[in-house]
């Protein structure tokens, strides 16, 4: 942020870790410590006869039968569901929490068939009098064929219903089932979350259906294109409230809450919650009912006020941006104590982690506040793009998530205009995507539908490429089309495809139709194909001596072998915006691998490309232009836009890692920082220099590196600490205090963590506890991390990665993960993000041949086991480790010499 900014964990840690803040913070925490020193999981059963489907029919080998394929046949289309569910919030005699339910779905036959496949997973069904798992009835005078047999195909998660006759095309049928399932704590499907209020354990029944877990709550046609209307009723105990996508209609004792029918929508957007939560709401005169739900203590202490205050203006902004009215009558947002993702865009009932919805100005930092508003804007952006219009299949997930990620910054900038939050998208999305997309283990944004079939394959799409590269590509498209044309095309897209499904090219068509003023070198589809259908991105090299421009596939490890062929030969249509000695020179398209552009030829002016980093590419120059840019930075850096000052630093350090420029050139881009007052260039420098700490903290380079950075930082320290240290730097306070203390201080911090009722405070303590220098405390913390009674499952990855960031903790974590891999993959998997965060966080320091061998052996071991999920993350770690080894061997001596020169 330009003027009002927050201090990130890496920046805060470096500032205080290298500075003199530790003594004061230890003293402050010791005073608090002294003052403080003075003063079975379960499920219910009823008497219904239940038959467990413990021995489903299986095929012994792959077959061509419909039930052995993961995709639904195209013979049936659902119209609406009637679902009644009763979650038990107390355990039964066996110590289980369960839910019971009954569900009916009306579907239409569009192709003649004698087979019904409907998704069902981990549900036990009540048998009918004919000893089948479901009952079929014809509607509108149609007679249904009798059921021949039913069974469950567990691998493909289908209930299979074979009929004695065929369903008639154009006729509608009613399929009815009764069932029960476990209300487990696995953070998926219909699950339970727990918290303590006034020393009493409370249980919440809640949901997370995306991408393929609606089938765990009731039998359904669980694919995005199988949109239907849902009529839902929840049974729940007195003293609790029930929420769902639609508005509540009525309730009774034992409370039975019916909900208005949903709009026509996909199963993954369905949500329902039973809890003792309370809410704050918008005033009666508001045309949209907005409610913020959460634990009573959190709501009554005003932690939901900020979310309530920003939701209405966000919705109004999005209505104006899309030029489309908000499709629903209400917007419920609920903060859950246990939630795997950051949030989920269920239509009309958005679910969040507490950290993503609650903000307490007394405890939460500016970073926490920024996180809350960008998560809310991301989820509300989905109410139109993703919910009203939905991708046909998961291979186009990037369009849903990338678009919401992009628009979240526009909406957040509207509600917090002084933050310059749109600028942060470059570091938080564009450069984040660069880090993953520069590996040969990356993948294209979109793939063929038949390449994404199984639930595991779908889960792996929820990654940095989908979210961050998707956002970066759409931002680039919006910039070269102009925001007004982009928004106009969106409106037409939403209007034409409302309540239906699309593929990404449908959006390109609508954008092409409204573009009559911007001259492009090719159609939008042709331009975007290279960015969408092949992995990676280019580095554009401009030689100001000749005016030549070239592009090449940028790889962080240049010797890595790209074994994925591309129809586009790893070339792109590149929109180059540029300036010459401070004058904006407009846009030039690079359409081939090599081209020449005379206006870029100069021997006196400095040239800067990719203005404000609107393009998804890195930039390199000839040595003379690099020198002219460095001269400008050191004489008057304000002439160069602030985003490009951050870009120059980030591009330079990454060009070094790709062996394109010399490392001393990259280090020289930081020398002007003595005069830099803006956040973005500093954050860019700190993030890149953090890589130096990761690579050198076990070598003789570490001492001179500390001295050099300390000299730069102390010049600026006085400016930074003029801002309130608490709460923005509270994480640094905790970290330094616990690092300098022993078991007593650690236990005190642990009790603070356990007693914290504010998610932002708990997260800071979770990090601070990882800073201890005692190996036995770190080992104990690791054991705590996989005990759900001590640390919530949603926080497991964060705790382990924080410990791995400690130079003492890193080898302990690596041993711990390998020893407990089966347990972790079995009990703590919440999709691709889980393994991506975990493996990257543990292995980011790996830089020796021995560590590489360990990692390769680990890959071989898990490939041979039955718990092999997460292989993609491990392959990326191996590639990154190889790049780290090469980088150190080529740059260690140069860095050491440069640092010594700077200290003379």
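In the UniProt record's numbering, the protein residues as written are 1 to 904. We put the beta carbon where it would ideally sit given N, CA and C, even for glycine.
Nearest-angstrom Cβ-Cβ length linking residue i and residue j, presumed shorter than 8 Å
i           : j           : result
residue 392 : residue 266 : Not a contact, Cβ separation roughly 10 Å.
residue 880 : residue 439 : 7 Å
residue 808 : residue 778 : 6 Å
residue 472 : residue 539 : No, residue 472 and residue 539 are not in contact; Cβ-Cβ is about 15 Å, not under 8 Å.
residue 884 : residue 847 : 4 Å
residue 909 : residue 146 : With the chain covering 1 to 904 only, the question about residue 909 has no answer from this structure.
residue 399 : residue 504 : 5 Å
residue 244 : residue 89  : Residue 244 to residue 89, Cβ: 17 Å. No contact.
residue 190 : residue 87  : 7 Å
residue 542 : residue 595 : The Cβ separation is near 11 Å, so there is no contact.
residue 493 : residue 561 : The Cβ separation is near 39 Å, so there is no contact.
Span separating the alpha-carbon of residue i from that of residue j
i           : j           : result
residue 415 : residue 314 : 7 Å
residue 695 : residue 291 : 48 Å
residue 890 : residue 842 : 24 Å
residue 175 : residue 228 : 14 Å
residue 517 : residue 186 : 52 Å
residue 404 : residue 385 : 7 Å
residue 323 : residue 401 : 20 Å
residue 482 : residue 352 : 33 Å
residue 601 : residue 450 : 48 Å
residue 771 : residue 735 : 5 Å
residue 922 : residue 685 : Absent from the structure is residue 922, since the part of the chain shown begins at 1 and ends at 904.
residue 751 : residue 781 : 13 Å
residue 274 : residue 394 : 29 Å
residue 311 : residue 327 : 15 Å
residue 870 : residue 447 : 20 Å
residue 499 : residue 262 : 11 Å
residue 902 : residue 840 : 33 Å
residue 822 : residue 852 : 21 Å
residue 285 : residue 380 : 21 Å
residue 670 : residue 680 : 13 Å
residue 900 : residue 698 : 18 Å
residue 526 : residue 534 : 13 Å
residue 862 : residue 497 : 44 Å
Contact under 9 Å by Cβ, residue i with residue j
i           : j           : result
residue 80  : residue 110 : no
residue 760 : residue 368 : yes
residue 374 : residue 340 : no
residue 661 : residue 894 : no
residue 549 : residue 616 : no
residue 205 : residue 268 : no
residue 177 : residue 103 : yes
residue 731 : residue 677 : no
residue 918 : residue 551 : A query on residue 918 cannot be resolved here, the shown segment of the chain reaching from 1 to 904 and no further.
residue 233 : residue 83  : yes
residue 125 : residue 221 : no
residue 338 : residue 293 : no
residue 297 : residue 757 : yes
residue 153 : residue 68  : yes
residue 531 : residue 590 : no
residue 118 : residue 180 : no
residue 580 : residue 611 : no
residue 406 : residue 484 : no
Distance cut-off 8 Å: residue i Cβ against heavy atoms of the ligand SAM
i           : result
residue 691 : Ligands in the displayed structure: none, and consequently the ligand SAM is not present.
Whether or not the region 630 to 638 and the region 506 to 514 are in contact is what I'm after, with contact meaning three or more pairs of Cβ atoms, one per stretch, closer than 8 Å; do they touch?
no
Let me know the beta strand (DSSP E) ranges lying completely inside the region 529 to 564, each 3 residues or longer, listed in chain order.
538 to 543 and 548 to 553
List, from N- to C-terminal side, the alpha helix (DSSP H) runs of 4 residues or more that fit wholly inside the region 846 to 883.
849 to 863
Please give the ranges of any alpha helix (DSSP H) in the region 617 to 644, keeping only runs that are unbroken, at least 4 residues long and fully inside the region.
623 to 636
Segments of 4+ residues assigned as alpha helix (DSSP H) that fall wholly inside the region 761 to 805
775 to 785 and 796 to 804
Continuous beta strand (DSSP E) assignments of at least 3 residues falling wholly in the region 162 to 205
172 to 182 and 189 to 197
How do the region 370 to 384 and the region 787 to 804 stand: do at least 3 beta-carbon pairs fall below 8 Å, yes or no?
no
If we require 4 or more residues per run, which alpha helix (DSSP H) segments fall completely within the region 358 to 387?
366 to 381
Does the structure place the region 357 to 367 close enough to the region 297 to 307 that three or more beta carbon pairs sit under 8 Å?
yes
Could I get the ranges of all uninterrupted beta strand (DSSP E) runs contained in the region 209 to 273, with 3 residues as the minimum, in chain order?
229 to 235, 241 to 244, 248 to 250 and 256 to 259
Taking three-plus beta-carbon pairs below 8 Å as touching, is the region 146 to 164 in contact with the region 196 to 209?
no
Any 3 or more C-beta pairs closer than 8 Å across the region 550 to 557 and the region 646 to 659:
yes
Meets three-Cβ-pair contact criterion under 8 Å: the region 637 to 654 and the region 418 to 429
yes
Runs of 4 residues minimum, wholly inside the region 391 to 438: which ones carry the alpha helix (DSSP H) assignment?
397 to 415 and 431 to 437
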